[in-house]
Every structure is written in structure tokens, then in C-alpha cells.
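Engineer: Once you've had a glance at the structure underneath, I'll fire off some questions.
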Amino acid sequence: MTDTEKTARPDPAASPDAPMTTPAGADAFAGFAIDFSRDEGVAGAGVAVASTPAAGVPGSASAESGGRTEAKVLIIGSGPAGLTAAIYAARADLAPIVLAGSAAGGQLMITSDVENYPGFPEGIQGPELMAKFREQAERFGTHIVDIDVDRVDFSRRPFRVWARGTEYRGDAVIVASGASALWLGLDSETRLRGRGVSACATCDGFFFRGEEVAVVGGGDTALEEATFLTRFATKVHLLHRRDAFRASKIMIDRAKANDKIEIRTNVEVDEVIGTAKVEGLRLRDTKTGETSQVPMGGLFIAIGYKPNTDIFRGELDVDEKGYLVVEDETRSKIDGVFIAGDVHDHRYRQAVTAAGDGCKAAIDAERWLEAMHAQEAGIGSAGATKAATA
Ligand SMILES: Cc1cc2nc3c(=O)[nH]c(=O)nc-3n(C[C@H](O)[C@H](O)[C@H](O)COP(=O)(O)OP(=O)(O)OC[C@H]3O[C@@H](n4cnc5c(N)ncnc54)[C@H](O)[C@@H]3O)c2cc1C
């Protein structure tokens, strides 16, 4: 399938810094027959945006939670990691609450064809896949609230998190708040996302067989993506707005040695041209200001990701790139708080790896809770809780 054949989907209207804070993703969910009206926090049919809590009294029943603000397992995030964790936790009888965020469904809500998620030999649309995840999680008793968590306190148990003034409590917490791709911020780029504009070469490179594509960026990721794309594209234009690349020398040398890669410095994308799909780019010379137009079949933005970790600063450790640090598989430095998916993983960044992480986090949480209860009942040793997830 070529990118031309990608199915139209709702425009994800988003700013470059917060590309997924739109309920457009939730709208797309509704298109796949998930009844959001079951959630009392839904503002209107098909729009999965939580209403303002009735009282906002900590610990009180809120409109969004359907009366439930306490859970054995509280999950933050509803991408592949969060919803897989929910499926496993719900099937372990832990009746989880998922605080889904305003980008309910996560990053796959802003892409069209997903052809590398196992079990769908014909491929599946990103929003449709996430609607299935959600339906499966709800089927086993997960309660999902489409709301952003704005504060957390993991200093004592039960752990507490707040969303629009409502306090939620969990004996264990799974953090699966993902990461957001950074975009250039052009209207034309937003309009053509999933129609030739992508932020993931591993995911979408395959659709550009026989096309000329451009990659924007100057770091290792951009050079890596450009090299990867030469497997499919006839030519890859690597566009960088500065003179010098931030990327490592070895990556630059590799790109320079590749006949299919044409490196252009001091150039930026001014506009993505095309109506139903990407047809070309208007480029601007960053030194002279001159613009030129070039035909192009696809545009890959490789200027970085922002992990959604701001609310966890001071509670959980982050690495130099801002991603959460895991100590052992899914464990955080706090006993009972687990981490899954792209919020810690900047290496693989795939739906299937995030889902796998969600599964692991739920199993770890379940075993940890079990060990905690045994300990409280005087069965087993103090070290049992660590051992349970080791
Ligand atoms: C354009 C594009 C195309 C892609 N295509 C593919 C593909 O074809 N195949 C593939 O395997 N992968 C693909 N990926 C990668 C894949 O989407 C991610 O690896 C995967 O979604 C990560 O899952 P996650 O659950 O860790 O996080 P995310 O999907 O990022 O989900 C994060 C969740 O956390 C929530 N959240 C964030 N902050 C808060 C908060 N404060 N409170 C509550 N909730 C919060 C968000 O609302 C969201 O629900 C693509 C990515 C992009 C950007």
C-alpha cells in the first residue's frame, strides 16, 4: 500500500510542543463504535473529554470516575502501554482506573495505517486499533476517565494523583504517559499528518517505496531515519536548518557515503504542499531567505520527542533526556510505582514494545500487591515485595 492509499482521518489539530493534547484523537475513537457516553465524564456524544468535577473534593466521588476514585491499580495514560496494563490488571481482578489523558489512545491516534502490529495481517488504522485496546480493557472492568493528571504524590501509600481537583488513590500506580513527537508547527504539516507527513520512519517508511522523501533534523535520529528510508525511497533529502549537524561523526559519514541521501544544510521547510497527500515542499534558505519549491512524496520530521514526564519531576528519576528511569524492567525507584512504554523507552518506541511493557508492569504490580498483602498479614518477609517483582 502506498501513502496515497492511506485512508483519510480527522485532522489532529495540535501545537508543535503538545501535538497530542487534542480531543481529536478521542473523536476518532468514537468513530469505531466505542460508547464513550458510558463514561459519565464525557462532555457529549463521541467527545471523550471529561467534564469539570462536580465538587473537586479530594477523595470524593467525581463525575468523571463514575463514583470511583480509589483503585488497587491506578494507570496514568491510555496508549498501548496503559491500556495493555489495564487489560492485564482487570483480568487479575484488580479493577483498575485508567486516567487516560486528553490524548486518549496515545500516539497511534495521529497515524493512519499500522501494518506492524501483530494480529492484523491486512493492517489496521491507528485509531481503530486503539479503540479495540480500549474496548478490551473496558470489557474486563477497567474504568477509564479521559482526563489529564496534573499532580502526583508518591511519598506515601496509597499513592495519590490529582486531575482537575479530584484526588484519585491507588495501592499501586502504573505510569504510562508516553512521549510526544515534536513537529515543525506548520498548518500544512498538521493537515497532512498520516497523509505523507510522519514522525516515525520505522513505522511508515515502508509506505514510501519508490518515492522521494525528505527528513528534517540534524541529530543522530534524523540521520538514522534518513539511512533507514533509503531501503524504500528512491532518494532521501536530509534537510537541516543549520550549517553543522549535531549528529555523531560516524552517522554523518554513513549518510555522506550513501548515494541515495542528499544532504542540504541551511534550509527549512516553509510549507508542505498537497491536498489529499504530500506532493511537494516549499523550502526556505535560512541564510538568504530565498524560497524554492521541490516535488516530494513524503516528509519525515525527526527533530525529537518530548517525554510526558513533567508531573513526575521530583517524585521519579528522569534521565538526561527527560525520560523516566526504570530500575529493573518496570520498577521505579518507588516501591509500588511501575513504569511502562515510551515514557521511559526512547530506544524502541513501538506500539508492540509499549504494549509488552504494559503487560509486564501489570504483572509486576499484581505480584507486588500480592506480596504486600501477604506481608501485612504477617506472611513472608519484608524483602518479599522487592523479590516479587525481581
Ligand atoms: C506518527 C507516528 C506513527 C507511528 N506509527 C507506528 C506504527 O505504525 N507502529 C508502531 O508499532 N508504532 C508506531 N508509532 C509509535 C507508537 O505510537 C508508540 O510507540 C506508542 O504509542 C507508545 O505507547 P505508550 O502507551 O507508551 O505511549 P503513548 O501512545 O504516547 O500514550 C501516552 C498516553 O499517556 C497519556 N498522558 C500523557 N500525559 C498524561 C497526563 N498528565 N495524565 C494522564 N494521561 C496522560 C496520553 O493521553 C496518552 O493516552 C508511531 C508514532 C507516531 C508519532
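Numbering (my numbering), first residue to last: 25 to 414. Every residue gets a Cβ at the ideal spot worked out from N, C-alpha and C, and that includes glycine. Values in this document were obtained by computation on a predicted structure and should not be read as measured data.
(1) Taking its Cβ as the centre, do 16 or more other Cβ atoms sit within 10 Å of residue 136, making it buried, or is it exposed?
(2) Which residues in the same chain as residue 195 place their Cβ atom closer than 8 Å to its Cβ, once the five residues preceding and following it in sequence are excluded?
(3) Return helix, strand or coil for residue 187, following the three-state DSSP convention.
(4) Using 8 Å as the threshold, is the stretch 111–118 in touch with the stretch 161–168, meaning 3 or more CB pairs across them?
(5) Which partner residues of residue 331 appear in the DSSP bridge assignment?
(6) Relative to the C-alpha of residue 193, which candidate in 299, 101 and 178 has its C-alpha closest?
(7) Given this structure, state the Cα-to-Cα distance separating residue 188 from residue 123, to the nearest angstrom.
(8) Check residue 400 in the structure and name its three-state DSSP category.
(9) Which partner residues does residue 194 have in the DSSP bridge list?
(10) Can residue 219 be considered in contact with ligand 1, in the sense that its beta carbon sits closer than 7 Å to one or more heavy atoms?
(11) For ligand 2, I want to know if residue 373 counts as a neighbour, meaning its beta carbon is within less than 7 Å of at least one of the ligand's heavy atoms.
(12) Evaluate residue 74 with the Cβ neighbour count: other Cβ atoms within 10 Å of its Cβ, from every protein chain shown; 16 or more gives buried, anything less gives exposed.
(13) Reducing DSSP to helix, strand and coil, say where residue 395 ends up.
(14) Report yes or no: do three or more beta-carbon pairs, one from the stretch 222–232 and one from the stretch 246–258, lie closer than 8 Å?
(15) Check this for me: beta carbons of residue 109 and residue 171, under 8 Å apart or not?
(16) Does the separation of the CB atoms of residue 103 and residue 129 fall below 8 Å?
(17) Using a Cβ-based criterion (distance less than 7 Å to any ligand heavy atom), does residue 151 qualify as near ligand 1?
(18) Is residue 366 near ligand 1, with its Cβ less than 7 Å from a heavy atom?
(19) Less than 8 Å between C-beta atoms, sequence neighbours within five positions excluded: which residues of the same chain meet that for residue 160?
(20) Following the continuous beta strand (DSSP E) through residue 211, name the residue where it begins and the one where it ends.
(21) Where does residue 149 land, buried or exposed, given buried means 16+ other C-beta within 10 angstroms?
(22) To test your reading of the DSSP string, which unbroken alpha helix (DSSP H) runs of 4 or more residues are found completely within the stretch 217–284?
(23) Consider the C-beta atom of residue 8 and the heavy atoms of ligand 1; say whether any pair is separated by less than 7 Å.
Structural biologist: From the atom records:
(1) In the sequence shown, counting from the first residue as 1, residue 136 sits at position 112. Residue 136 counts as buried, since at least 16 other C-beta atoms from the protein chains shown sit within 10 angstroms of its C-beta.
(2) The residue labelled residue 195 in the question sits at position 171 within the sequence shown. So the list reads 95, 96, 97, 181, 182, 183, 360, 393 and 396, once near-sequence residues are dropped.
(3) Position 163 of the sequence shown, counting from 1, holds the residue named residue 187. In this structure, residue 187 counts as strand in the three-state DSSP scheme.
(4) yes
(5) Residue mapping note: residue 331 aligns to position 307 of the sequence shown, counting from 1. For residue 331, which the question treats as bridged, DSSP gives the partners 203.
(6) By one-based count along the sequence shown, residue 193 stands at place 169. Selected option, being the one with the closest Cα: 178.
(7) Sequence index remark: in the sequence shown, residue 188 carries index 164 (1-based). Sequence index remark: in the sequence shown, residue 123 carries index 99 (1-based). Going from the Cα of residue 188 to the Cα of residue 123 covers about 12 Å.
(8) The residue you call residue 400 lines up with position 376 of the sequence shown. Looking at residue 400 - three-state DSSP - the assignment turns out to be helix.
(9) Mapped onto the sequence shown, residue 194 falls at position 170. For residue 194, which the question treats as bridged, DSSP gives the partners 95 and 183.
(10) The sequence position of residue 219 within the sequence shown is 195, counting from 1. No, the Cβ of residue 219 stays beyond 7 Å of every heavy atom of ligand 1.
(11) Inclusion of ligand 2 in the displayed structure is not the case, the ligand content consisting of ligand 1 alone.
(12) Within the sequence shown, the letter at position 50 stands for residue 74. Only weak support is given to the placement of residue 74: the predicted model assigns it a pLDDT of 26, under 50, and the value that follows is read from those uncertain coordinates. Classification for residue 74: buried.
(13) To locate residue 395, count along the sequence shown from 1; it is residue 371. Helix at residue 395.
(14) yes
(15) If you number the sequence shown from 1, residue 109 lands on position 85. If you number the sequence shown from 1, residue 171 lands on position 147. Cβ atoms of residue 109 and residue 171: not closer than 8 Å.
(16) Indexing the sequence shown from 1 puts residue 103 at position 79. Indexing the sequence shown from 1 puts residue 129 at position 105. Yes. Within cutoff.
(17) Here residue 151 refers to the residue found at position 127 of the sequence shown. For ligand 1, not one heavy atom lies less than 7 Å from the Cβ of residue 151.
(18) For this step, residue 366 is matched to residue 342 along the sequence shown. Flag set: Cβ of residue 366 near ligand 1.
(19) Here residue 160 is taken as the residue at index 136 of the sequence shown, counted from 1. Correct list, in chain order: 107 and 111.
(20) Working through the sequence shown from its first residue, we reach residue 211 at position 187. Residue 211 -> not in any beta strand (DSSP E); alpha helix (DSSP H) instead, spanning 211–215.
(21) For the purposes of this step, residue 149 is taken as the residue at position 125 of the sequence shown. Residue 149 comes out buried.
(22) Runs found: 225–228, 244–253 and 273–280.
(23) Within the shown structure, residues of the chain are numbered from 25 to 414, placing residue 8 beyond reach of any answer.
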